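Below: one structure, written as structure tokens.
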RNA sequence: GGGGGAUUAGCUCAGUUGGGAGAGCGCUACAAUGGCAUUGUAGAGGUCAUCGGUUCAAGUCCGUUAUCCUCCA
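Residue numbers (the numbering used here): 10 to 983.
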């Protein structure tokens, strides 16, 4: 064996690397040697899976990174996650030994990523699992053989040591006696180190748990690194110690070997980031960022962080979990922004991270060839988010500058942490950025205050706790019954036997033997041995209906699924129901038929979307209700009108075709081969149910469908909107509701026509005209210039005898009014009211004759050298009155005081007073003047010395007010 | 699920106990200069997101809804 290579040159010359591997990103010469001499990561992964296959394990593919089927986690945290139900015996086992290489994501140690040799957010975990099959002895022997045998990894046994849980003599003995490991290399550790979950015996939680045994490899520098953890789940924790660990009847093995760590050991490199599948990403990051990769440097840490985060982001976005504001999407967004911030701090000002996506796909293509297919989409999604973040940073810099100037003004020497936190929480200004800029100006940064404020924010935001393993009566029912047979594909009515009744009171669930209508208030859950009721899943809502016996009627208001159980939610209407009763379960057939129409329409819509907007329009989620459906899909822009029409026409065409709908159970691989649409994050059973429609649609789907696309009936898209960046949502109606919607549309249009007093075909034109009228009336009252009518846009004439035209007309009206289509009538009505009001004001204004600066001046009095005007201008708005006053000032060179009184409508009085500069200079105030007058008409007011306005509510006292106005100004001038 | 913020001219945004809706860029017209670039003058363009409340008076204060941004879970 070659000499150890810990002293690996800390600097890599990227140009040399490129020569070695051509287009892909190449390692340094010495690292190349290491990789040639030792095992590649792809080879390690393959060997592991092959070894356990040879020991009778079923080789299973990696589960998705973001398991939407598991509400208790956002990301797959470990290899065992996909086998949770296997461990608990809640599913039928097709195999009792499995092995996987699982892609995982954890953010708990995010602060350490890049700083230490072994921390990642994204990583792969090799694992072997036993579901009540083999236990400690085999698990330990096989691990040892795989690690040390020349045929497999061939690690030097002398450099391996292990830990066991302090009370686990069984494991210790196996290591010592069977493997022959000296006791000096078997350490006994406490429950906080060697128990899963950590410290479970004393601190909980209750449930499945067990001791573990870790395997360490000693590096050349004497330090040891943990490469494998064997978990022996053999207990059920019940309550507090002592004697709270009960042996499980069926014991399990759950192991995890860190792929990257083990590879780094095999390849003899000082950090995971230098193994053959990671160094190319680090090097590429250095290249893209235009810096040299130096291991022991701040930039080195940054580049490693970027390499880690870009892997996480690329895999998530590949699974259509795009950066966003909620949950998993938010975590990805944060990871991405952290990486981008690192780039920013190395001087980058343009998106760069997206350039690393092809590199990631390249080094990971062995186990994950599918990454190659989505490189473009993934890179574009990442580029967009990067670009958004650069804008955020840009805005942030301005805010930071502002903060600095106020700091300087106040003579502070430290950036207030609370303020930095507020800036971060409100505008996303990264504190690291703030701190870096602060350092440049010799400010210190109050990290303690910042963390304190963020902690507070966390507390305020709250959050619900999700249990790793659920407990309760439903879970125990799961274990005893396993599954409810679903009969609903073939029938909507059947006999069944009641297997369990659960009563829900407050947050507590309680299993009961029987129930009567007297307890009607309580919500009940009923589980049967078989049922025609469809439990909500795959977006399709649960069925409603009735479960009855001779002696009792139970109304089902919703149906949910719990694992493979079907749970009927509802309440007793009459009589009594008990466990063991034979009942008749009857689904509400009319509603079910409507759901079938909507669900089949969803598949057709999916097809139409892909055909119209492109293959990237993949389903993100959907909800299927009675003749109503909602469908989210990935698309950057809103759908245009033509696209919506094209989609509708494709759907309608497929409906007219009356294509047969069929379904069959096929092997998952076969379905994939057939090109059936599959969704990420969904857990598909194998075999799987494939639903086909004509020759245009194949989807994996457990839902209920019409037998012929013609049964869908009418179809209509009623909404298109944004859910989050990159995701659009459409809502559609089918069958009866679509028909009803069309009738409603027509009625609405009729109502508009009636309100506007015009023909149906004229509604759009009349609305536009009404808007124009309002505009010019307002302008006239505001005293603006002569308004030219807006150029009427050329619109294609709408044929309102057809439905499409009617709908287009309504949409156009909504656009003109910038209102939602639901309250058009209200808006039109209020527009009409406003027009009437404005018209009466205009006539009021014109009734008092032509008002102008001249006419007002001709009414003036002279008081000494001052020209005083106190006049009425009925119907005038404040704006007009101000303009007149301005004009008087221009025309009249003498000092002048003007007060205009206007009655507006029936019960409103407006007063505007103005004083020329000379009078203001003499210390007079228009505000005071108007202030003296306004109370007469029941109001108040104020303003600046040269111009003030006031209002009141008693028009009948205007003459009196004008008298007071004259007296007041006389007094002022005296 | 929760906290913070934003929404003003075509675009980017100002608007300071509530009292005349603004700037820059862009647009139109005219003029000057000219190879292009340019400069000056004038002008058009706004239900201050929505609905409601407080007030004599709301872009400004309070609440609703919508959309977007941002943070936490």
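Backbone N, C-alpha and C fix where the C-beta goes; we use that ideal spot for every residue, glycine too. Here the structure is a predicted model, which means the values were calculated and not measured.
Item checked: First and last residue of the uninterrupted alpha helix (DSSP H) at residue 555 -> Counting along the chain, residue 555 falls outside any alpha helix (DSSP H), though it belongs to the beta strand (DSSP E) covering 554-557.
Checklist line | For residue 62, the nearest candidate out of 927, 208 and 136 (CA to CA) | finding: 136
Checklist line | Supposed close pair residue 373, residue 286 - CB separation, criterion 8 Å | finding: 7 Å
Next item on the list: Taking only the alpha-carbon atoms, compute the straight-line gap between residue 423 and residue 131 and give it to the nearest angstrom.
Entry: 36 Å
Check: What runs of the alpha helix (DSSP H), each 4 residues or longer, lie entirely inside the stretch 597-649?
Finding: 598-622
Item checked: Where the beta strand (DSSP E) through residue 342 begins and ends -> Counting along the chain, residue 342 falls outside any beta strand (DSSP E), though it belongs to the alpha helix (DSSP H) covering 336-354.
Checklist line | Span separating the alpha-carbon of residue 33 from that of residue 644 | finding: Interpretation of residue 33 is limited by its pLDDT of 40, a score under 50 that renders its predicted location unreliable; no figure is taken from the coordinates.
Checklist line | For residue 451, the three-state DSSP class (helix, strand or coil) | finding: coil
Next item on the list: State the DSSP-derived secondary structure class of residue 577, mapped to helix, strand or coil.
Entry: strand
Item checked: Sequence-distant residues of its chain with Cβ nearer than 7 Å to residue 543 (five each side left out) -> 497, 549, 551, 552, 568 and 713
Notebook entry, point to check: How would you call residue 721, buried or exposed, if buried means at least 16 neighbouring beta carbons within 10 angstroms?
Noted result: buried
Item checked: Same chain, Cβ closer than 6 Å to residue 272, neighbours up to 5 away in sequence not counted -> 50, 53 and 284
Checklist line | Cβ-Cβ separation, residue 134 to residue 87 (assumed contact under 8 Å), whole Å | finding: 6 Å
Margin query: Please report the straight-line C-alpha distance between residue 605 and residue 622, rounded to a whole angstrom.
Written below: 25 Å
Next item on the list: Using alpha carbons as the reference points, say which of 110, 679, 56 and 207 lies closest to residue 74.
Entry: 110
Next item on the list: Please name the residue or residues paired with residue 134 in a DSSP beta bridge.
Entry: 111 and 267
Item checked: Collapsed DSSP secondary structure at residue 54 in the structure displayed -> helix
Notebook entry, point to check: Bridge partners of residue 710, per DSSP?
Noted result: Bridge partners of residue 710: none, in fact.
Note to self: Taking 9 Å as the threshold (C-beta atoms), are residue 890 and residue 991 in contact?
What the structure shows: This structure does not reach residue 991, given that the chain is present from 10 up to 983, and the question cannot be answered.
Next item on the list: Within the same chain, show all residues whose beta-carbon is closer than 7 Å to that of residue 329, passing over the 5 residues directly before and after it, in chain order.
Entry: 627, 629, 643 and 689
Next item on the list: Look at residue 101 and residue 79 and say whether their C-beta atoms are less than 9 Å apart.
Entry: no
Notebook entry, point to check: CB-CB under 7 Å to residue 6, same chain, minus the five flanking residues each way: which ones, in chain order?
Noted result: This structure gives no information on residue 6, because the portion of the chain shown stretches from 10 to 983.
Check: Would DSSP call residue 767 helix, strand or coil?
Finding: coil
Next item on the list: Report the residue ranges of all beta strand (DSSP E) runs contained in full by the stretch 49-103; include only those spanning at least 3 residues, in chain order.
Entry: none
Margin query: Contact defined as beta carbons within less than 8 Å: I believe residue 607 pairs with residue 633. What is the distance between those atoms, to the nearest angstrom?
Written below: 5 Å
Check: The beta strand (DSSP E) with residue 523 in it runs from where to where?
Finding: 523-525
Next item on the list: Can you check DSSP and say which residues form a bridge with residue 563?
Entry: 556 and 581
Next item on the list: Go ahead and pull the three-state DSSP assignment for residue 5.
Entry: Since the first residue of the chain shown is 10 and the last is 983, residue 5 is not available in this structure.
Checklist line | Closest by C-alpha distance to residue 412, when choosing among 898, 304, 432 and 897 | finding: 432
Item checked: Nearest-angstrom Cβ-Cβ length linking residue 680 and residue 699, presumed shorter than 8 Å -> 5 Å
Note to self: Along the chain, where does the beta strand (DSSP E) containing residue 245 start, and where does it finish?
What the structure shows: 233-246
Item checked: Residues near residue 963 in its chain [Cβ-Cβ closer than 6 Å; skip 5 each side] -> 946 and 947
Check: What span of residues does the alpha helix (DSSP H) with residue 674 cover, start to end?
Finding: Segment 670-675 is the beta strand (DSSP E) holding residue 674; no alpha helix (DSSP H) there.
Item checked: Host alpha helix (DSSP H) of residue 459 (start-end) -> 456-470
Note to self: Tell me the DSSP secondary structure of residue 420 in three-state form.
What the structure shows: coil
Next item on the list: Would you grab the beta carbon distance between residue 427 and residue 458 for me? Rounded to a whole angstrom, and I think it's under 8 Å.
Entry: 5 Å
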